[in-house]
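S.K.: Following this message is one structure expressed as structure tokens.
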Amino acid sequence: MERENPDDVGDLKEYFISKNFVRHFGKQLLSISSAPYNGGISKARGFFFMYVDKNYSGDYRLDCEKFAERYGLKSFVGFMTAVDIPDVISYARKGNVEAYVTAGLTNLTINICLVVRDLNLNGMVNAIITATEEKARIVYERFGATGTTSDAIGIFCEEGKEDWAGRATRIGRDIKFAVSKALEESIEKWEALD
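Going by our numbering, the sequence shown opens with residue 566, and the numbers climb by one from there.
As structure tokens, then:
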């Protein structure tokens, strides 16, 4: 669903603003990410994927900040990509894991955002490893690489007690499944655009 007015989103948890994607959480979650805007460890009320032109050379922090201010996205984590987000974004869910992925392989960018439950900060770091392993496997099998210079990842979670999210754990298997499904789907969407 597309919205241009931030006051017109009501109870929507996710929507498009032109070529940009916004995901609201409805409450504050613990966040750890490599995002260009509000990356690192923080508390987040949501995240966004912001579209930029393939020749973009601006101040990415400032541009993300302006985007967030314009649309009232306070305490959001922001990612950037030069692909048409509505055309390539993919979503998958398995158990307590939701995966949102955008893949653009002309300019080589893969963004992965996971919304999970039951992990503490240690577990969230472990979830990054599991998601990255799965991304690397898929990209290597398809393109002979393990990633790109501008890949980004974000993990968003209610603070829980679980320390581990490796492939041998239930949540790790759910991460593997969700990342694999969403990334494969996003790559296929991107390939169909060529």
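Heads up, the beta-carbon is just placed ideally off N, CA and C, and yes, glycines get one too. Computed from a predicted structure; not experimentally measured.
Go ahead and label Gly611 buried or exposed: buried means 16 or more other beta carbons lie within 10 angstroms of its beta carbon, across all protein chains shown.
M.R.: The residue labelled residue 611 in the question sits at position 46 within the sequence shown. When all chains shown are included, Gly611 counts as buried.
S.K.: For Ser598, which residues from the same chain have a beta carbon less than 6 Å from its beta carbon, with the 5 sequence-adjacent residues on both sides left out?
M.R.: Locating residue 598 in the sequence shown gives position 33, counting from the first residue. Hits under 6 Å: Gly604, Val642 and Gly719.
S.K.: So which of Ile582, Asn585 and Ser596 has the shortest CA-CA distance to Asn725?
M.R.: If you number the sequence shown from 1, residue 725 lands on position 160. A quick correction: the sequence has Gly, not Asn, at residue 725. Per the Cα distances, Ser596.
S.K.: Starting from Arg635, follow the beta strand (DSSP E) in both directions and report where the run begins and ends.
M.R.: Indexing the sequence shown from 1 puts residue 635 at position 70. Premise fails: Arg635 lies in the alpha helix (DSSP H), Tyr625 to Arg635, not in any beta strand (DSSP E).
S.K.: Using CA atoms only, rank isn't needed, just tell me which of Asp728, Tyr636, Ala747 and Leu673 is closest to Phe613.
M.R.: Residue mapping note: residue 613 aligns to position 48 of the sequence shown, counting from 1. Of Asp728, Tyr636, Ala747 and Leu673, the residue nearest in Cα terms is Tyr636.
S.K.: Which same chain residues, not among the five before or five after Tyr705, have their C-beta less than 6 Å away from its C-beta?
M.R.: Working through the sequence shown from its first residue, we reach residue 705 at position 140. Same-chain partners within the cutoff: Thr711.
S.K.: With three or more C-beta pairs closer than 8 Å as the rule, is the segment 641-658 touching the segment 727-736?
M.R.: The answer is no - the segment 641-658 does not touch the segment 727-736, with fewer than three Cβ pairs under 8 Å.
S.K.: How would you label Arg588, buried or exposed, when you count the other beta carbons within 10 angstroms and need 16 or more for buried?
M.R.: The count along the sequence shown starts at 1 and reaches residue 588 at position 23. It is buried - the Cβ of Arg588 has at least 16 other Cβ atoms within 10 Å.
S.K.: What does the Cβ neighbour count give for Asp624, buried or exposed, with the cut at 16 atoms within 10 Å?
M.R.: Taking the first residue of the sequence shown as position 1, residue 624 is located at position 59. Asp624 is exposed by the Cβ-count criterion.
S.K.: What are the start and end residues of each continuous beta strand (DSSP E) run of 3 or more residues lying completely inside the segment 641-689, in chain order?
M.R.: Fully enclosed beta strand (DSSP E) runs of 3 or longer: 641-646, 655-659, 662-669 and 674-681.
S.K.: Between which residues of its own chain and Lys584 is the CB-CB distance below 8 Å, once the five residues before and five after are set aside?
M.R.: The count along the sequence shown starts at 1 and reaches residue 584 at position 19. Excluding sequence neighbours, Lys584 sits near Tyr616, Asp649, Ile650 and Pro651.
S.K.: Can you name the start and end residues of the beta strand (DSSP E) that Ser583 belongs to?
M.R.: Here residue 583 corresponds to residue number 18 of the sequence shown, with the count starting at 1. Element bounds for Ser583: n/a, residue is neither H nor E.
S.K.: Under 8 Å, do Ala664 and Ala743 count as touching if we go by C-beta distance?
M.R.: Within the sequence shown, numbered from 1, the residue matching residue 664 stands at position 99. Within the sequence shown, numbered from 1, the residue matching residue 743 stands at position 178. A contact, by the Cβ cut-off of 8 Å.
S.K.: Taking Cβ positions, are Trp755 and Leu670 nearer each other than 8 Å?
M.R.: Translated into the one-based positions of the sequence shown, residue 755 becomes position 190. Translated into the one-based positions of the sequence shown, residue 670 becomes position 105. Contact flag set, yes.
S.K.: Does the Cβ of Ser745 have 16 or more other Cβ atoms within 10 Å, making it buried, or fewer, making it exposed?
M.R.: Taking the sequence shown and counting its residues from 1, the one referred to as residue 745 is at position 180. Buried, by the Cβ-count rule.
S.K.: Quick one: give me the first and last residue of the alpha helix (DSSP H) that Arg735 is part of.
M.R.: One-based indexing of the sequence shown puts residue 735 at position 170. It spans Arg735 to Leu758 - the alpha helix (DSSP H) in which Arg735 sits, taken as one unbroken run.
S.K.: Taking buried to mean at least 16 other C-beta atoms within 10 Å of its own C-beta, is Gly575 buried or exposed?
M.R.: What you label residue 575 is simply residue 10 of the sequence shown in a count that begins at 1. Model confidence at Gly575 stands at a pLDDT of 47, short of 50, so the residue's coordinates are unreliable; what they give is reported in the following sentence. Classification for Gly575: exposed.
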